[in-house]
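See below for the structure under consideration.
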Amino acid sequence: METKRKKVMVGMSGGVDSSAAAAILLDRGYDVYGTTLKLWDGNDSTDSSNGKMTRTCCSLEDVENARATAFKLDIPFYVLNMKDLFKERVVDYFVDAYLAGDTPNPCIACNRYIKFEAMLQKAIALDMDYIATGHYARVEFDEKINRYVLKKALDLSKDQSYVLYMLTQEQLERLLLPLGNYYKTQVREIAEEKDLINARKPDSQDICFVQKGSYVDFIKEYKNADIPEGCYIDKHGNVLGKNKGMVNYTIGQRKGLGMSFPERKYVIGKDSDKNTVTLGSKEDGLVSGLIAREMNYILYEKPDTEKKVMARTRYSQKEIPARLIALEDDKAKIVFDNPVSFVAPGQSVVLYKNDFVVGGGIISETFS
16 METKRKKVMV GMSGGVDSSA AAAILLDRGY DVYGTTLKLW DGNDSTDSSN
66 GKMTRTCCSL EDVENARATA FKLDIPFYVL NMKDLFKERV VDYFVDAYLA
116 GDTPNPCIAC NRYIKFEAML QKAIALDMDY IATGHYARVE FDEKINRYVL
166 KKALDLSKDQ SYVLYMLTQE QLERLLLPLG NYYKTQVREI AEEKDLINAR
216 KPDSQDICFV QKGSYVDFIK EYKNADIPEG CYIDKHGNVL GKNKGMVNYT
266 IGQRKGLGMS FPERKYVIGK DSDKNTVTLG SKEDGLVSGL IAREMNYILY
316 EKPDTEKKVM ARTRYSQKEI PARLIALEDD KAKIVFDNPV SFVAPGQSVV
366 LYKNDFVVGG GIISETFS
């Protein structure tokens with residue numbers, strides 16, 4: 016009796032990673048359905064100031080690259096309109112968080128609400144068995160603990176487990192991450208062997224919906240409002256000078272302050288109510304721990320006892336030893352073994368045990 020082939024919806028961005036993921040799954044015997052999510056109203060447009068084409072999130076070029084890849088692989092291709100949900104859950108969140116003084120990570124919000132929630136719901140409605148993306152991480156079922164686990168990618172230089180910490184057991188059960196056991200060089204080789212149009216396409220780096228100017232320009236245009244000036248203050252509340260508006264600064268920033276000081280100064284705090292930016296030394300920016308909200312646990316359920324973990328408070332940071340203390344209301348207290356500099360509320364703290372993602376949450380506050 017012939018076994019029914021499993022069906023998988025592959026999120027295809029038009030880049031090499033998601034295209035290679037589709038090719039790998041096809042070779043493994045899955046029925047692959049290529050899917051591009053239309054997330055933002057920023058279609059390709061011409062900048063009147065220079066006559067050049069400006070690429071935006073989910074641009075026509077991206078969609079056509081994904082479509083061409085699907086045609087090359089001879090798989091069905093769909094475009095799903097999720098613009099309203101993306102605006103609400105990602106763009107509005109991003110803008111509001113910055114105006115509130117936080118430093119949000121829109122990619123994590125997109126993963127949480129769009130790629131691994133809305134897309135999965137759509138896949139289930141279409142009788143798909145799985146969804147898949149081109150993220151570099153590994154999903155496995157651990158029989159010893161009877162749980163799905165999320166692990167770092169084999170290629171640690173490309174590991175994206177940090178932005179996947181919010182995945183639930185139900186989502187992990189239906190998620191395939193075929194690139195987790197490949198190095199990036201191998202992925203490009205696969206794309207070249209398949210003669211895919213994007214085999215040499217550069218990796219995207221910036222916030223996908225902020226393409227022209229800075230995120231501050233985007234916020235001003237999105238809210239149709241100017242950013243009022245505020246004051247620099249020191250840790251004692253003394254006024255040091257004028258700033259360009261609190262949203263222009265991030266925790267740990269040193270350059271672009273617009274003022275010179277006898278000693279090197281860093282942004283160590285922000286107050287959205289008073290529109291102030293606190294400056295201090297690197298030592299002033301040290302914290303001994305943080306409180307996180309919206310905690311999600313993958314390796315185990317919410318722990319009843321204190322756990323030793325390794326923590327990352329931003330995507331590019333090296334892991335640092337810490338203690339995890341679970342609190343009520345999906346909160347947690349993370350205490351670092353040694354003080355850590357420039358931890359920004361709004362970013363995510365992700366916890367690890369060796370290669371395994373323990374879980375993570377959004378940083379609400381820090382303490383010394």
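Quick note, this note's numbering runs 15 ahead of the 1-based positions in the sequence shown.
Note that beta-carbon positions come from the ideal geometry of N, C-alpha and C, so glycine has one too.
Counting of Cβ neighbours within 10 angstroms places residue 176 among the buried residues, the total reaching 16 or more. The C-alpha of residue 191 is placed about 37 Å away from the C-alpha of residue 232. Check the Cα spacing between residue 294 and each of 274, 309 and 312: the tightest is with 274.
Residue 291 and residue 246 do touch by the CB rule: their CB atoms are close to 5 Å apart, below 8 Å.
For residue 107, there is no enclosing beta strand (DSSP E); the residue is part of the alpha helix (DSSP H) that begins and ends at 107-114.
Rounded to whole angstroms, the Cβ separation of residue 33 and residue 26 is 6 Å, and the two are in contact under 8 Å. Judged by DSSP in its simplified three-state form, residue 224 adopts coil rather than helix or strand. Counting only residues of its own chain and dropping the five nearest sequence neighbours on each side, residue 167 has a CB closer than 6 Å to the CB of 174, 176 and 370.
Under DSSP, residue 360 forms a beta bridge with 362. Taking 4 residues as the shortest admissible run, the segment 75-103 contains the following complete alpha helix (DSSP H) segments, listed from N- to C-terminal end: 75-88 and 98-101.
Spatial neighbours of residue 135 in its own chain (CB-CB distance under 7 Å, excluding positions within 5 residues in sequence) are listed in chain order as 146, 186 and 189. Around the beta carbon of residue 101, a 10 Å sphere encloses 16 or more other beta carbons of the protein chains shown; the residue is thus reported as buried. Taken in chain order, the complete alpha helix (DSSP H) segments of 4 or more residues contained in the segment 231-289 number zero; there are none. At the C-beta level, residue 346 and residue 376 come within 9 Å of one another. Counting C-beta pairs with one atom in each stretch, the segment 204-218 and the segment 243-260 have fewer than three that are closer than 8 Å, which means they do not touch.
Beta-bridge partners assigned by DSSP to residue 380: 306. In this structure residue 120 is buried. Its beta-carbon is surrounded by 16 or more other beta-carbon atoms within 10 angstroms. DSSP places residue 128 in the helix class (H, G or I) of the three-state scheme. Here residue 336 carries a strand assignment [DSSP, helix/strand/coil]. For the 9 Å CB-CB criterion, residue 373 and residue 328 do not form a contact. When C-alpha distances from residue 29 are compared across 56, 74, 110 and 20, the shortest belongs to 74. Here the alpha carbons of residue 83 and residue 199 stand approximately 21 Å from one another.
Look at residue 353 here: in three-state DSSP terms it is strand. Take the alpha-carbon of residue 51 and the one of residue 298: they are about 46 Å apart. Residue 229 is not a Cβ neighbour of residue 115, given a cutoff of 9 Å. Ranked by Cα distance from residue 222, the first of 122, 118, 357 and 349 is 122.
For residue 154, the enclosing beta strand (DSSP E) starts and ends at 152-157. Judged by DSSP secondary structure, residue 24 falls within the beta strand (DSSP E) whose first and last residues are 22-26.
In the structure shown, the three-state DSSP call for residue 46 is strand. Take the alpha-carbon of residue 170 and the one of residue 196: they are about 7 Å apart. In the assembly as shown, residue 339 is a buried residue. Its beta-carbon has 16 or more other beta-carbons within 10 Å. Residue 45 places its beta carbon 9 Å or farther from that of residue 31. Secondary structure at residue 209: coil, using DSSP grouped into helix, strand and coil.
Apart from the 5 residues on each side of it in sequence, residue 139 sits with its Cβ closer than 8 Å to the Cβ of 189 in its chain, given in chain order. Beta-bridge pairing by DSSP links residue 51 to 94.
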